[in-house]
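Residues 3 to 422 (our numbering) are what the sequence shown spells out, left to right.
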Amino acid sequence: IQEGNFLKTGFGNNPAIDGTVPFVTLDNTTPPNSMPLSSITANTYASINSIGKLIIANSRYTINELKGVDGEGTLISLKFEVIEPKASKIMLNAPFDDPNLILVNSKLITIDTQLADATIKETQTCLKGDVDGNGVINSRDALIALQISAQLIVPNAQQLCAGDINEDGSVMANDAIRILRKSVGLEAPIKEANNNAIALVRLGEVYGNAGNDANVPLYISQSDMIAGGDISINYDPNVLRAVEVIADKDMFMVSNISKAGTIKISFADTIDNNKPVAEIKFKAISDSKSSLTLQNVTLYRNDLSLINTKLQNGFFISWAMPAKDNALMQNFPNPFNPETWIPFQLKQDSDVSIKIYSAMGELIRELDLGNKPAGMYISQDRAGYWDGKDKFGSPVASGVYFYSIKTKDFSDVKKLIVLK
C-alpha cells in the first residue's frame, strides 16, 4: 500500500453463533498495532440480512500522506454477540466467487491478497489436575494423565483441560508429575540449576526362535535427576508381537501395546540406575530379525525441564537365521569360576568341536557338540558349555587357558581365565 491510496474491501464470514447477528460494530478508530492511518472515511456499508453471513463493502481509508504506511495491522474490527458458547470457524470469502479478497488502490489496481481463516475457541473451565472430574486431585488423576499420554484413552474436553497442566495443548508425563505434586500439596517445583548431563536411553539386544518369548530390557542412566518421561518404541510386527511391558510393581508407569509395531510408555516416578526401567516381553512370530527403535523420547526433571538424551537402539535376531560368517566369540563370564559358556556362530551346517588347552599347550578337555545347523549359538542354552573340569573330572587350577573351535571349514582360538 503506498501513500495516498485507499482500499475497497468485500468479504464474508461464518459467525460463531447459531442465530442471527444482532449487531456489528465497525471500529472507526485505529486499533492497537494497526497500520498508521491518518483518517478513516465513514462510508463503510455492512449487511447482516443473511444468517451466517456478513458483507462489508466500499470501505475507504486515507493513508498518512506524510509518513506513508509500513508493516501490517488491523483495518476493520468486527464485534459479535455470542448467543451460544461453542467453537466456530470464521472464514473469509471473496465476493462474487472471486479467488481473492478485493483490495484496490486509488488507481483501481488490484492488490494481491491472501485469505486466512480464524477460529473462535470455546472457553474451557476446569479444575487443573482433576482429570477424573470428581473434585479431588489425587494419584488417580495422575494415572489417567499417563494413560492419555500413552494413548490408552482419548481424553474428552474436560479431561484435556484438567490434565494439560502446562497448557501446551497436550497431556504428557510432565503433566502427570505436576498432578502428583498437587495431590500431596506441593507447589510447582523451583527451577533446578542448569545441568547439561545426558541420559542414555538404551534397549537390549536379544535372540530367540519363532514361538518363543524374548524379553528386551530398557535402561536409562542419570536416574538421580529423572522424575518421569514418555518413550515410544518401534519394531517389526511381522517378526515380533508385543505381549506386555513389565516394570516394578511400585513403578508409576503405564504402557500401550495395542498398536502392532509400536509401544508407548509413560511414567512419573524415580528410577534405579542398577536395573532396567522396564522389560518388554515379545513373542517371536517368525525366524527373522527386527530393529528395536527408540523414538519420541522425552525425559523430565523434578522441575519439569527437559533432560538431554542419547538413544541406543536394540534388536532381535532369530537363532535360526544363518550367520553371515563363522565366528568364535569370547566366553562369558570371563574370568570365571567354576563354569563358563563359549558362544559361536555358523554360516552352514557342520560338526563342531571345542577344545580347552593349558598355557603350555596341553589338552585339558574336549567338548564334542556334534552336528549343528547354521545359526547363532550365543545364549546359555545354545552356546558351548565348560564346567571348569579336566578330562578326568577334576576342577582345573586358576590360570590362563586357551579354547579352540573346529568346524568343517573354520577354526579359531581365544583366551580365557579361571580365577578362584
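For every residue, glycine included, the Cβ atom is placed at its ideal position computed from N, Cα and C.
Close Cβ partners of residue i (< 8 Å) along its chain, the five nearest in sequence each way excluded
i    : result
E368 : S355, I356, K357, I358 and K393
D143 : G131, D132, V133, D134, A164, G165, I181 and S185
Y403 : I358, Y359, S360, A361, I366, K417, L418, I419 and V420
L308 : T300, L301 and Y302
L242 : A216, F284, K285, A286, I287, S292 and F318
S234 : T264, I265, K266, I267, L296, Q297, N298 and V299
Counterpart residues of residue i in DSSP-defined beta bridges
i    : result
A216 : F284
D414 : I407
W388 : T342
Y431 : The requested residue 431 does not occur in the structure, where the chain is confined to residues 3 to 422.
G401 : V420
L365 : Y359
E207 : F317
N373 : D353
A329 : Q347
Y221 : R204
K312 : L202
N258 : K266
F334 : W343
6 Å Cβ shell around residue i - same chain, five flanking residues per side excluded
i    : result
T31  : The predicted model places T31 with a pLDDT of 42, which falls under 50 and marks its position as unreliable, so this point remains unresolved.
G377 : W321 and A322
A178 : A144, A147, L148 and A270
N176 : Y302 and L306
T342 : N333 and W388
Q428 : With the chain covering 3 to 422 only, the question about residue 428 has no answer from this structure.
V256 : L148, Q149, A152 and S268
N373 : D353
V279 : L220, I222 and I273
N275 : S225
L202 : S223 and K312
S400 : V420, L421 and K422
Helix, strand or coil at residue i [DSSP, three-state]
i    : result
M253 : coil
L306 : coil
I1   : Lying before the first or after the last residue shown, residue 1 is absent from the chain, which here runs from 3 to 422.
D170 : coil
L129 : coil
V420 : strand
D143 : helix
A244 : strand
A199 : coil
L226 : A quick correction: the sequence has Asp, not Leu, at residue 226. In this structure, D226 counts as helix in the three-state DSSP scheme.
L182 : helix
G70  : Residue placement at G70 is flagged as unreliable, the pLDDT there being 44, under the threshold of 50; a coordinate-derived value is accordingly withheld.
Q161 : helix
I92  : strand
T11  : Only weak support exists for where T11 lies, its pLDDT of 36 falling under 50; the value from the coordinates is given anyway. Of the three classes helix, strand and coil, the one that applies to T11 here is coil, per DSSP.
N136 : coil
Q297 : strand
S292 : strand
N176 : helix
I235 : strand
S151 : helix
Check whether residue i and residue j have beta carbons under 7 Å apart
i    : j    : result
G231 : T300 : yes
Q273 : S225 : Sequence inspection shows Ile at residue 273; the Gln mentioned does not correspond to that position. Yes. Within cutoff.
I228 : A244 : no
E281 : N236 : no
N298 : L154 : no
L330 : D411 : no
G263 : P239 : yes
K1   : N339 : No answer is possible for residue 1: it lies beyond the span of the chain, which begins at 3 and ends at 422.
D351 : P375 : yes
Y209 : I407 : no
Residues near residue i in its chain [Cβ-Cβ closer than 7 Å; skip 5 each side]
i    : result
R204 : Y221 and Q314
N211 : A286, D289, S320, W321 and A322
E207 : G316 and F317
Segment contact, 8 Å Cβ cut-off, at least three pairs: the segment 238–253 with the segment 334–351: The segment 238–253, when compared against the segment 334–351, does not touch it at the 8 Å Cβ threshold.
Given 8 Å, three or more beta-carbon pairs between the segment 303–318 and the segment 338–347: The answer is no - the segment 338–347 does not touch the segment 303–318, with fewer than three Cβ pairs under 8 Å.
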